[in-house]
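Residue numbers (the working numbering): 981 to 1353. Even glycine gets a Cβ: it sits at the ideal position worked out from N, Cα and C. Note that the structure is a prediction, hence the values are computed from the model and not measured.
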């Protein structure tokens, strides 16, 4: 876990109030990239500053009790941390048990941002030289020849997992076993390498799958349903929103492509719809096997349009329009990319904080108007 909670000084009321926000001193890894400091005294401001600005730390928050003397020390520490390029925020919490929604959003956003920073990505079917500046801090590579061999081996035992695993996600009765086995084999190959690598996200060389007459769609869907961010190569920017969705909602998002816009809204072709956000689950015959033909559940989503150094988002209402879905309430001209993630529910508040802590938003934290910075 890349968020660490540290207590400076001693204050039982502060510890008790912080516990209402799920903050317990001493939790988190020693090499965390984000630090939450519970500050009891203004005299400890320099200590707080040194913690927030040590090498490897990207940001965090200072938590004080409302009306306490520690507030001045917190502001001093935060100012110095910001000058050092850290993304930080002040959380002044009540000792009376009142929990403020925007502070909960800030902490959820901080944890979501940390989960994105913590991603270790497996590039399945690539050498390091083949992946040019993908913007991934921690990457592992499984080269093409090894990936092909593992894939071919997995195709031989995919049938063993149709009834014991695949049937948990999709109705399989009446479908051709040999084609199901081939489709599931692609997933089994990636899963075995992913577990051995220690990575928690994956980018597939989908052209490699197709050259072996295996459609990668089922593998991508199953990985997403298991909580593993997964995409084809060329779509690495989707990994961050996928991990954010998993952190904030416990569910993967749907992935889609904006293809048009009319008076009803933005028309989206849903290319990946995990079962956890589907109203209908089914497998459809396709070239070389079966692919999921899931239908997205209508309702409220947070639409995210990511690009390497820019992210736009909007809370939208989604409905069906034939084989496509329509997202109402979004201006397509404000989207940095036609590639979209649809995170279930309204997570605009914590998402704004997550983008701030990741350095993908403005230099000031998104504190509501009238609240203390």
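Contact belief for residue 1224 with residue 1096 at Cβ below 8 Å, rounded distance in angstroms: 6 Å
Contact set for residue 1264: own chain, Cβ-Cβ below 8 Å, skip 5 residues either direction: 1270, 1271, 1272, 1273
Continuous alpha helix (DSSP H) assignments of at least 4 residues falling wholly in the stretch 1238 to 1295: none
Under 8 Å between C-beta atoms of residue 1014 and residue 1337: yes
Residue 1146 and residue 1164 closer than 8 Å at C-beta: yes
DSSP state of residue 1000 mapped onto helix, strand, coil: coil
Boundaries of the beta strand (DSSP E) in which residue 1039 is found, first to last residue: 1039 to 1045
Spatial distance of residue 1240 from residue 1249 (CA atoms): 9 Å
Limits of the unbroken beta strand (DSSP E) element including residue 1120: 1119 to 1122
Neighbourhood of residue 1141 by C-beta, 7 Å cutoff - its chain only, sequence neighbours within 5 removed: 1164, 1168
Assigned exposure category for residue 1217 - 16 Cβ within 10 Å defines buried: buried
Cβ pair count under 8 Å reaching 3, the stretch 1321 to 1336 against the stretch 1288 to 1299: yes
The beta strand (DSSP E) enclosing residue 1016, as first and last residue numbers: 1014 to 1019
Residue 1236 - DSSP class collapsed to helix/strand/coil: strand
Beta-ladder partner(s) of residue 1304, from DSSP: 1301
Enclosing alpha helix (DSSP H) for residue 1330 [first to last residue]: 1328 to 1337
Candidates 1315, 1268, 1005, 1213: closest to residue 1246 by CA position: 1315
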